[in-house]
Amino acid sequence: MDIFLERLTQQVGKPMRWLVKRLLEKRNIFLEMNTVKLCDIQPESVVLEVGFGPGLGLLEAAKRLTHPRGKLYGLDYSEYMHNVGSRRLQAEIQAGKVTLFLGSVEQIPLEDSVVDKVYHCNCYYYWPDLRAGSKEIYRVMKPGGLMVTTMNLEFLKNVVAAGLLKSTKWPPEPYMEVLCDTGFVDVRMEDKQDKGQTFQAIFAAANKP
Ligand SMILES: C[S@@+](CC[C@H](N)C(=O)[O-])C[C@H]1O[C@@H](n2cnc3c(N)ncnc32)[C@H](O)[C@@H]1O
Numbered sequence: 015m016d017i018f019l020e021r022l023t024q025q026v027g028k029p030m031r032w033l034v035k036r037l038l039e040k041r042n043i044f045l046e047m048n049t050v051k052l053c054d055i056q057p058e059s060v061v062l063e064v065g066f067g068p069g070l071g072l073l074e075a076a077k078r079l080t081h082p083r084g085k086l087y088g089l090d091y092s093e094y095m096h097n098v099g100s101r102r103l104q105a106e107i108q109a110g111k112v113t114l115f116l117g118s119v120e121q122i123p124l125e126d127s128v129v130d131k132v133y134h135c136n137c138y139y140y141w142p143d144l145r146a147g148s149k150e151i152y153r154v155m156k157p158g159g160l161m162v163t164t165m166n167l168e169f170l171k172n173v174v175a176a177g178l179l180k181s182t183k184w185p186p187e188p189y190m191e192v193l194c195d196t197g198f199v200d201v202r203m204e205d206k207q208d209k210g211q212t213f214q215a216i217f218a219a220a221n222k223p
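So for the sequence shown, the numbering used here puts the first residue at 15; every next one is plus one.
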């Protein structure tokens, strides 16, 4: 459903976007919370979320960055989501703890090798070029940094069977191959459980000199 809704945001006017946001918040909070948890964010970490949508995962990540050096970046290519996230994280942005960018994953406005943890949730399916996105994430990551993404494969397969994910790159295997080609190591997908629900998490470590 959320993927279908994401497509809708590109096609519908303002009133419907609000509904899309509400449904994303309700549906995706489970995966967002779990993705943040799996990142093992430390108080001093520098963290980036790609495709933060309504920003619930950002709020959760920001709570964990309790040291003054801890910093959270968010990047989303939707102006609407950027505005929603900016309102939701207003206090953290004003405090300098969080910075949100409007832009696409192929051009992340950060210097090389500055981020410890990158996460994204229900997002890579929409990237115009998986390889370019993966290369750019790798570029901004510190050596040994961790990237995590999560999904519910069973749900995705049902969505695909219903014909709703046409022309997206949702299967995890090609994305994992691209991650390996880019220079990530320990690329693996694991089944995870929380509150009786199963989901999948892809982990990748930035292998850099
Ligand atoms: C299905 S929503 C998921 C939002 C949020 N992560 C969640 O799980 O609730 C996908 C989000 O990724 C963003 N997005 C899609 N492609 C992107 C790209 N190439 N670069 C940055 N953001 C992108 C969309 O604007 C949208 O906010």
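All residues carry an ideal CB built from backbone N, CA and C; glycine is no exception.
Annotation for T212: the continuous beta strand (DSSP E) segment containing it runs Q211 to A220. When C-alpha distances from P82 are compared across N166, V60 and N136, the shortest belongs to V60. When DSSP states are grouped into helix, strand and coil, E63 belongs to the strand group.
The residue from E191, K77 and Y91 with its alpha-carbon nearest to that of A109 is K77.
Taking the CA atoms as reference points, A75 sits about 11 Å from E106.
Distances from the alpha-carbon of S100 to those of V119, L124, L79 and G67 put G67 closest.
Closer than 7 Å to some heavy atom of ligand 1: that describes the Cβ of M95.
Of all C-beta pairs linking the region 200 to 217 to the region 140 to 159, fewer than three are shorter than 8 Å, placing the two stretches out of contact.
Remark: the shortest separation between the CB of S118 and any heavy atom of ligand 1 falls under 7 Å.
Here V132 is near L62, since their CB atoms are less than 8 Å apart. Taken atom to atom, the span from the alpha-carbon of A175 to that of P186 is near 16 Å.
Excluding residues up to 5 positions away in sequence, P57 lie with their Cβ nearer than 8 Å to the Cβ of T80 in the same chain. The three-state secondary structure of Y91, taken from DSSP, is coil.
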